[in-house]
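Notes follow the structure.
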Amino acid sequence: MTRTLETYANQDAAKKDLTTYVGNGRVTALGQALNQAYNGQGKNSGNHVVDGEQRQVFHASAGKAGTNSSVTLFYYPKDPSGSFHLVALGEHASADLYKIDKELGQDQAPFQKKKTVGPEGK
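Below is the structure:
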């Protein structure tokens, strides 16, 4: 079952916590991906059942594929509070494939830990 991994009240809290997962080399990409997510510029990753409810999941990415400096966030927003709900953290494996983090991923598909997936987690 897909579940919410983390919920952040604001962008600063998300960046502070997620920096511990991405390391110093990807902080800039993390900030850019969070800007996209919080500005409503994320791209559609399909409808998924998250925590037992149907949710529209989005992804926001920054950085260049194959450089170990990219970040992709799979998330859903919660209106009207503006909270950010993380479903998975990843990085570009190629232009349209993402490698899901070993810690901040799901135990099974979609968005499974350590797997390379497309934008919809497949």
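Quick note, in the numbering used here, the sequence shown goes up one by one and the last residue is 1579. Ideal Cβ positions, reconstructed from N, Cα and C, are used throughout, including at glycine.
Handout entry: Outcome for A1466 when other beta-carbon atoms lying within 10 angstroms are tallied against a minimum of 16
Key = exposed
Problem - Candidates V1507, L1546, F1515, of which the one nearest A1486 by Cα - result: L1546
Exercise for the section: Could you pull the start and end residues of the beta strand (DSSP E) that Q1423 belongs to? Expected result: With the chain running from 1458 to 1579 in the structure shown, residue 1423 is simply not present.
Problem - When E1548, V1514, R1512, T1524 are compared against K1571, the one with the closest alpha-carbon - result: E1548
Practice task
Would you identify the three-state DSSP class for A1552, choosing helix, strand or coil?
Solution key: coil
Exercise for the section: Taking A1609 as part of the alpha helix (DSSP H), name the residues at either end of that continuous run. Expected result: Residue numbering for the chain in the displayed model covers 1458 to 1579; residue 1609 lies beyond these limits and cannot be assessed.
Problem - Residue range of the unbroken beta strand (DSSP E) whose run includes L1530 - result: 1528-1535
Handout entry: Q1511, enclosing beta strand (DSSP E) - first and last residue
Key = 1510-1519
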